[in-house]
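Student:
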């Protein structure tokens, strides 16, 4: 999934499910990164006058990880594009230098014929 959202719905939770949970995301062959930490509190049945035991209080703390919370690898693409641009500029500079040296060598040969 690219640039998407994921929702997780928990049903039939009990007070024993209260705790802190982590969301880790990774691509194949790479180490998963922590992108979010969620603290879930499940109230005891009858608290708050609601019969539904599944009501919960959830607090999300977005860690962001190295990737600022982005899981689509967009930072990798930016690095790749920047690297390619640098390589292309270097190639043009080298070609320009080589051509200017060839032209100066040709001019020197014309001025001093053998």
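Numbering (the working numbering), first residue to last: 53 to 166.
Glycine included, C-beta positions come from ideal geometry on N, C-alpha and C.
(1) Closest by CA to residue 77, which one among 150, 70, 92 and 86?
(2) Only counting the same chain, and skipping five residues up and downstream in sequence, which positions put a Cβ closer than 6 Å to that of residue 130?
(3) One question on the structure: do residue 90 and residue 66 come within less than 9 Å of each other, judged by their Cβ atoms?
(4) Starting from residue 77, follow its DSSP beta bridges and name the residues at the other end.
(5) Would you tell me roughly how many angstroms separate the C-alpha atoms of residue 137 and residue 128, rounded to the nearest one?
(6) Please confirm whether residue 94 and residue 69 have their CB atoms less than 9 Å apart.
(7) What is the rounded straight-line gap between the Cα of residue 62 and the Cα of residue 143?
Tutor: So, from the listed chains and residues:
(1) To locate residue 77, count along the chain shown from 1; it is residue 25. The shortest CA-to-CA distance from residue 77 to any of 150, 70, 92 and 86 is the one to 86.
(2) Numbered from 1 along the chain shown, position 78 holds the residue referred to as residue 130. So the list is empty, once near-sequence residues are dropped.
(3) Within the chain shown, residue 90 is the residue found at index 38, counting from 1. Within the chain shown, residue 66 is the residue found at index 14, counting from 1. Taking 9 Å as the Cβ cut-off, residue 90 and residue 66 do not qualify as a contacting pair.
(4) Taking the first residue of the chain shown as position 1, residue 77 is located at position 25. Answer is 85, bridged to residue 77.
(5) Sequence index remark: in the chain shown, residue 137 carries index 85 (1-based). Sequence index remark: in the chain shown, residue 128 carries index 76 (1-based). Their Cα atoms are separated by approximately 14 Å.
(6) Mapped onto the chain shown, residue 94 falls at position 42. Mapped onto the chain shown, residue 69 falls at position 17. Taking C-beta atoms as the reference points, residue 94 and residue 69 count as a pair closer than 9 Å.
(7) For the purposes of this step, residue 62 is identified with residue 10 of the chain shown, where counting begins at 1. For the purposes of this step, residue 143 is identified with residue 91 of the chain shown, where counting begins at 1. In this structure, the straight-line span from the alpha carbon of residue 62 to that of residue 143 is close to 56 Å.
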